[in-house]
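These notes are about the structure you will find just below.
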Amino acid sequence: MGEIKSAWEIAQEKANKLGELTAEERKKQRENRCRLIGKTLAEKYISQHDVRLLEAELSKHSGQDKGLISQAVLHRLVEGIDLEYSLKLDEIGQGILSLSKAEASAQIMDKIKELFHEYREAENNERREIERAGREILHQLRISGTAINQINIRAKGEWQKRLNDLARPLEERLSSLKQELLSSVGI
Numbered sequence: 030m031g032e033i034k035s036a037w038e039i040a041q042e043k044a045n046k047l048g049e050l051t052a053e054e055r056k057k058q059r060e061n062r063c064r065l066i067g068k069t070l071a072e073k074y075i076s077q078h079d080v081r082l083l084e085a086e087l088s089k090h091s092g093q094d095k096g097l098i099s100q101a102v103l104h105r106l107v108e109g110i111d112l113e114y115s116l117k118l119d120e121i122g123q124g125i126l127s128l129s130k131a132e133a134s135a136q137i138m139d140k141i142k143e144l145f146h147e148y149r150e151a152e153n154n155e156r157r158e159i160e161r162a163g164r165e166i167l168h169q170l171r172i173s174g175t176a177i178n179q180i181n182i183r184a185k186g187e188w189q190k191r192l193n194d195l196a197r198p199l200e201e202r203l204s205s206l207k208q209e210l211l212s213s214v215g216i
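All residue numbers for the sequence shown refer to my numbering, where the first residue is 30 and numbers rise by one.
Next comes the structure, spelled out in structure tokens:
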């Protein structure tokens, strides 16, 4: 008659059959773990905007892990740069510059800030033009005075398309600058 084994013994036997991880598998697991830690740390930084927290969390790690985590944080922060969220640019830029410490990164961040400024000005001009056109339409319909407070420029598809068309070339330039920024920090 066969020997009765506990679930633990059965699990141990199965684990022993699998064998040890190869060096390549351990390296891949380590990179994945560091990437996840870095992404989580970047998300925490984006929500709290505290460079000291970012540096303190990174100082808990050493050697290759610290480098991998730092790269993951930088990658996520660069991903977070978006024309639609210009208010976060300063905090994200501060985090990037605190980690990279490269002069090229500072220059690229300045170019990105200029691009954001250009976008805001162009968007404001386009908004004023759209609002003027909207008021003209309402005036033709004999709607005026207190009946309208502010025109919702995103309500009409044509107006939304104009804003999207305005952003498209700037988003392409931003994408190029983001790639340049990643290259400047060695990613």
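We put the beta carbon where it would ideally sit given N, CA and C, even for glycine. On a predicted model such as this, the values are computed, not experimentally measured, just so you know.
Spatial neighbours of residue i in its chain, beta-carbon cut-off 7 angstroms, leaving aside the 5 residues before and after
i: residue 19; result: Beyond the ends of the chain as shown, which are 30 and 216, falls residue 19; an answer cannot be given.
i: residue 106; result: 71, 121, 124 and 125
i: residue 216; result: 100, 103 and 104
Exposure label - residue i; buried when at least 16 CB within 10 Å
i: residue 100; result: buried
i: residue 37; result: exposed
i: residue 35; result: exposed
Separation of residue j from residue i, as counted between CA atoms
i: residue 33; j: residue 50; result: 29 angstroms
i: residue 203; j: residue 47; result: 47 angstroms
i: residue 61; j: residue 104; result: 14 angstroms
i: residue 141; j: residue 206; result: 7 angstroms
i: residue 133; j: residue 83; result: 21 angstroms
i: residue 85; j: residue 155; result: 44 angstroms
i: residue 170; j: residue 143; result: 41 angstroms
i: residue 210; j: residue 57; result: 25 angstroms
i: residue 66; j: residue 98; result: 6 angstroms
Residues near residue i by beta carbon distance below 8 angstroms, same chain, minus five either side
i: residue 109; result: 71, 75, 117 and 121
i: residue 149; result: 115
i: residue 30; result: Confidence at residue 30 is low in this model, with a pLDDT of 47, below 50, so its placement is unreliable and the value that follows should be read with caution. Result list for residue 30: empty, nothing under 8 angstroms.
Whole-Å CB distance - residue i paired with residue j, under 8 angstroms assumed
i: residue 214; j: residue 129; result: 4 angstroms
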